[in-house]
Amino acid sequence: MAELGDPQLLAKIQRAATDTLAELDRVCHELDIRYVVYGGSAIGTVRHQGFIPWDDDVDVCMPREDYERFLREAPPLLAPEFEVVSQLTHPDYPRPFGVLGIVGSVFTPSVARNRAFQVPLGIDLFPLDRIPKDRRAFKRQSAESWVWGRLMFLHGTPTPDTGLTGPAKTLAKAVFHATHQGLKVLHVSASHLYRQWEKVATRYNNTGSPVLGDYCTQDPLRWSAREDELFPSIRMPFGDIEVEVARKFDAVLTRGYGDYMNLPPEDQRVNHAAVEVSFGVWQDPEQ
Numbered sequence: 355m356a357e358l359g360d361p362q363l364l365a366k367i368q369r370a371a372t373d374t375l376a377e378l379d380r381v382c383h384e385l386d387i388r389y390v391v392y393g394g395s396a397i398g399t400v401r402h403q404g405f406i407p408w409d410d411d412v413d414v415c416m417p418r419e420d421y422e423r424f425l426r427e428a429p430p431l432l433a434p435e436f437e438v439v440s441q442l443t444h445p446d447y448p449r450p451f452g453v454l455g456i457v458g459s460v461f462t463p464s465v466a467r468n469r470a471f472q473v474p475l476g477i478d479l480f481p482l483d484r485i486p487k488d489r490r491a492f493k494r495q496s497a498e499s500w501v502w503g504r505l506m507f508l509h510g511t512p513t514p515d516t517g518l519t520g521p522a523k524t525l526a527k528a529v530f531h532a533t534h535q536g537l538k539v540l541h542v543s544a545s546h547l548y549r550q551w552e553k554v555a556t557r558y559n560n561t562g563s564p565v566l567g568d569y570c571t572q573d574p575l576r577w578s579a580r581e582d583e584l585f586p587s588i589r590m591p592f593g594d595i596e597v598e599v600a601r602k603f604d605a606v607l608t609r610g611y612g613d614y615m616n617l618p619p620e621d622q623r624v625n626h627a628a629v630e631v632s633f634g635v636w637q638d639p640e641q
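Below, the structure written as structure tokens:
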């Protein structure tokens, strides 16, 4: 297989992801489900009218109620080459967020090179939950959600690639492997870990807080926004399609990334460095 640094492979991944994003956009509009492009995908949309040139995936986020509707209601409306993969469909799914993927495809980043579950190439779907006004409560909640999310990851990935070297790498590998084995010996399922994570992430969803955040990340405040900063969203070009972008995208992106319109230094232009990529049933229109 070609390395991900191969520009032809990267371009093909981007074409496949764009087709998947177009399908997500179509179904969300049919179901009146709110979403916006998220993180690097939002920067790419605003700065490049598509992908950040070196990026190899697409992320979107949705308020929790829209996310849960998408997981339940989107599958029967999807074209046959696409599928939703999440804890609802696969009890051994090792991530707290779902994916709209291409049937039969695989995309394994280097950090999860030993992961048993084969996550499809597609669009990562991140639920947004309410951030409490009380800072101490938020810090406790975000710490707990991060622990449960990391345990989910280690449940499915015995020896993740840490990027460390020397003794630190050896120690981290031993700790991660011991955690993985401990979860197996104690018969702790991925579903149990997900339920614990979800319970923490949704703890303050009935408090009326106007601020939304992504508890799949270590720092939910980095991409945090009032609901009226996100919606009603606006349409912007993404390659040859259009997607939904946060209504006040400049405020949201500046809060999370600072001067996001300037390119980072070359040594910071990294992607997931996938160790396995296959495209399943997707047909590349350029081949």
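Counting from 355, one number per residue, gives the positions in the sequence shown under the working numbering.
We treat Cβ as the ideally placed atom computed from N, Cα and C, and that holds for glycine.
Fair warning: this is a prediction, and the values are worked out from it, not measured in the lab.
*asked:* Which residue marks the beginning of the beta strand (DSSP E) containing C382, and which one marks its end?
replied: Where C382 is concerned, there is no enclosing beta strand (DSSP E), although the alpha helix (DSSP H) it sits in stretches over P361 to L385.
*For S496, name the three-state secondary structure that DSSP assigns.*
helix
*Going straight from the alpha carbon of M355 to that of E583, what length do you get?*
Here the model assigns M355 a pLDDT of 35, short of 50, so the residue's position is not dependable, and the following value carries that caveat. Cα to Cα, the separation comes out at about 42 Å.
*Rank P639, V606 and S587 by C-alpha distance to the C-alpha of H383 and give the top, closest one.*
Closest in C-alpha terms to H383, from the list P639, V606 and S587, comes S587.
_Reduced DSSP secondary structure (H/G/I, E/B, other) of R426_ = helix
_According to DSSP, is A579 part of a helix, a strand, or is it coil?_
strand
*asked:* Taking the straight line between their C-alpha atoms, what separation do you get for D568 and E552?
replied: 12 Å
*Rounded C-beta distance between V400 and L607? I'm assuming under 8 Å.*
In this structure V400 touches L607 by the C-beta definition: roughly 7 Å separates them, less than 8 Å.
_Please give the ranges of any alpha helix (DSSP H) in the segment 578-635, keeping only runs that are unbroken, at least 4 residues long and fully inside the region._
581-584 and 603-611
*Pick out whichever of N559, L479 and T374 has its Cα sitting closest to the Cα of T571.*
L479
_Close-in-space but distant-in-sequence residues of the same chain around R623 (CB under 6 Å, 5 per side omitted)_ = W408
*Are there 16 or more other CB atoms within 10 angstroms of the CB of L425, so buried, or fewer, so exposed?*
It is buried - the Cβ of L425 has at least 16 other Cβ atoms within 10 Å.
*T561 by DSSP, collapsed to three states: which one?*
coil
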